[in-house]
Amino acid sequence: MIISLIVAVPENGVIGKNNQLIWHLPKDMKFFMETTSNHPVIMGRKNYESIPEKYRPLKNRENIIITRNKRFKADGCTVVHSLEDSIQYVKNNISTKEVFIIGGGEIYKRFLDKDLIDRMYITHIKSTFDGDTYFPKLDFNKWTSSKIMTHKKDDQNPHDFEVVVYNKKN
Ligand SMILES: NC(=O)c1ccc[n+]([C@@H]2O[C@H](COP(=O)([O-])OP(=O)(O)OC[C@H]3O[C@@H](n4cnc5c(N)ncnc54)[C@H](OP(=O)(O)O)[C@@H]3O)[C@@H](O)[C@H]2O)c1
1 MIISLIVAVP ENGVIGKNNQ LIWHLPKDMK FFMETTSNHP VIMGRKNYES
51 IPEKYRPLKN RENIIITRNK RFKADGCTVV HSLEDSIQYV KNNISTKEVF
101 IIGGGEIYKR FLDKDLIDRM YITHIKSTFD GDTYFPKLDF NKWTSSKIMT
151 HKKDDQNPHD FEVVVYNKKN
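If you're matching positions, the sequence shown starts at 1 in the numbering used here and goes up one per residue.
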């Protein structure tokens with residue numbers, strides 16, 4: 001099973017502010033929904049709570065939440081208490097070729113620090129933003145890359161962006 005990460009990152013690495021997304025890019029949101037649909041998604045408790053109530057749990061995929069809080073519950077979601085348990089849960093219970101780590105900042109960093117990520121889908125947004133949550137700095141020499149989408153800003157999507165898939169080198 002491939003462990004993938006999916007994230008949108010502007011030029012200065014800011015990925016969130018006040019536990020919310022900062023930008024509105026429906027085309028990238030559509031890419032996220034289509035890419036992760038029918039696959040399990042793993043997220044931090046704060047990221048889960050940042051999703052507007054009407055959209056959570058994310059539909060058509062099993063939502064797995066990581067928290068240290070043993071009393072935490074979320075309707076329709078699986079709750080686990082470590083990174084390793086989240087992966088073990090998927091391996092034991094779900095038939096899938098790929099699982100997606102969907103953030104936020106702390107969860108991305110912990111999975112990357114433990115070298116648990118095989119593939120990354122990164123939307124590089126060609127702008128900078130103010131915020132309080134960052135995507136970790138990466139050594140891109142450790143990854144092969146292939147650009148799969150280029151978007152020029154339009155009325156609905158006010159920033160240029162490109163989507164690049166990175167696979168970890170052996
Ligand atoms: N741009 C993007 O693509 C993108 C994607 C996703 C999220 N975001 C943004 O990221 C922000 C949220 O990120 P965040 O860094 O604040 O929080 P987070 O990574 O979503 O969640 C952090 C929480 O995860 C739990 N956790 C972390 N490590 C753990 C471990 N080793 N064992 C057990 N539980 C652990 C803890 O929950 P407890 O405190 O409950 O113990 C911790 O408080 C929001 O602003 C969101 O909009 C951006």
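Cβ atoms here follow ideal geometry from the backbone N, Cα and C, with glycine treated the same way. Keep in mind that this is a model prediction, so the values were computed, not measured.
Check: residue i C-beta below 8 Å from any heavy atom of ligand 1
i, result
"TYR108", "yes"
"PHE135", "yes"
"LEU116", "no"
"MET43", "yes"
"TYR166", "no"
"LYS17", "yes"
"TYR48", "yes"
"HIS81", "yes"
"ALA8", "yes"
"PHE72", "yes"
"GLY76", "no"
"THR35", "no"
Bridge-paired residues (DSSP) for residue i
i, result
"GLN20", "LYS17"
"ASN170", "BP columns for ASN170 are empty, so no partner."
"ILE125", "PRO10, PHE161"
"TYR89", "Per DSSP, none; premise fails for TYR89."
"LYS67", "Per the sequence shown, residue 67 should be read as Thr rather than Lys. Paired residues: none, contrary to the question."
Exposed unless 16 or more other CB atoms sit within 10 angstroms - verdict on residue i
i, result
"GLY105", "buried"
Below-9 Å beta-carbon distance, residue i vs any chain D residue
i, result
"LEU21", "Although the question refers to chain D, the structure presented lacks it and comprises just one protein chain."
_Check whether the stretch 90-105 and the stretch 42-55 touch, using three or more Cβ-Cβ pairs below 8 Å as the test._
yes
*Are there three or more Cβ pairs, one per stretch, closer than 8 Å when the stretch 112-129 is compared with the stretch 8-21?*
yes
*Between the stretch 81-99 and the stretch 58-69, do three or more beta carbon pairs fall short of 8 Å?*
yes
*Flag this pair as touching only if the stretch 70-79 and the stretch 130-147 have three or more C-beta atom pairs under 8 Å; answer yes or no.*
no
*Would the stretch 147-160 and the stretch 21-29 be scored as touching if the rule is three or more Cβ pairs under 8 Å?*
yes
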